[in-house]
Structure formats: C-alpha cells, structure tokens
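Residue numbers for the sequence shown, in the numbering used here: 92 to 199. Idealized CB from N, CA, C, for every residue including glycine. A short worksheet on the structure shown next.
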Amino acid sequence: MTISITPSANQRMRQFLAQMPSAAGVRFGVKRTGCSGFAYVVDLAESVGEGDETFQIDGVPVIVDAKSLPMIEGTEIDFQRQGLNASFVFRNPNATGECGCGESFTVG
92 MTISITPSAN QRMRQFLAQM PSAAGVRFGV KRTGCSGFAY VVDLAESVGE GDETFQIDGV
152 PVIVDAKSLP MIEGTEIDFQ RQGLNASFVF RNPNATGECG CGESFTVG
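Next up, the structure:
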C-alpha cells in the first residue's frame, strides 16, 4: 500500500486520535455518492472489521476496507487551511475526473 500523509495531515490525524484514545485508527476509504460517483471518507475507526487492512503510515494507524484499496492506492492525503476553512485534500493518481466542487471523483 502506498498511501502517503503530509506532515499537516499527520498532525491533524494525531489530534483526532488523541481525542479518542480507544480508537483503532483513522479510517480512510471511499463511498458511492456525489455527482462524479465516489467521495473520500476519513473518520476515526472504533474497530478493525473483517476485510479491513491496517497500515502504519508515519506513526498513524490507517484502516482501509478491501473495496476501497484499489481506488485509493497511491493517494497522498494533505490537510490544508484556507481562511476559516480547513479540510483534508486528496491527490489520487487513480482519479480520472472530479466534480466541479471537488467533493467527489471518478475512477476508471
């Protein structure tokens, strides 16, 4: 697995994990939604489910479900602040298109 996390994303994920010490890690994956087909999911995982893969990425446990793995292979996760807004930003080499608002993407 070649997911990478920038230092700012690493810091933000560690902040989330510190607020919930019982979490198994950060869940990263995709779900069907939006005008382009898929959207990224980043959340705290309470547990590791059957079919999940766990990766230690720069000291952060990242949990990915098997269906998401092929779509996010090679993705870089960043965390950016712009004015009052802050969000994770994804650079996914598998994405062949994105919607205008950047909330969803297409693979294939």
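Straight-line gap, residue i to residue j (C-alpha atoms, nearest Å)
i, j, result
"arginine 103", "leucine 160", "22 Å"
"glutamine 106", "aspartate 143", "23 Å"
"asparagine 185", "leucine 175", "30 Å"
"glycine 165", "glycine 140", "22 Å"
"glutamine 171", "phenylalanine 181", "10 Å"
"isoleucine 94", "isoleucine 148", "8 Å"
"glutamine 173", "methionine 111", "26 Å"
Helix, strand or coil at residue i [DSSP, three-state]
i, result
"isoleucine 94", "coil"
"leucine 175", "coil"
"proline 184", "coil"
"proline 161", "helix"
Contact check, residue i vs residue j, beta carbons under 7 Å
i, j, result
"asparagine 101", "valine 133", "no"
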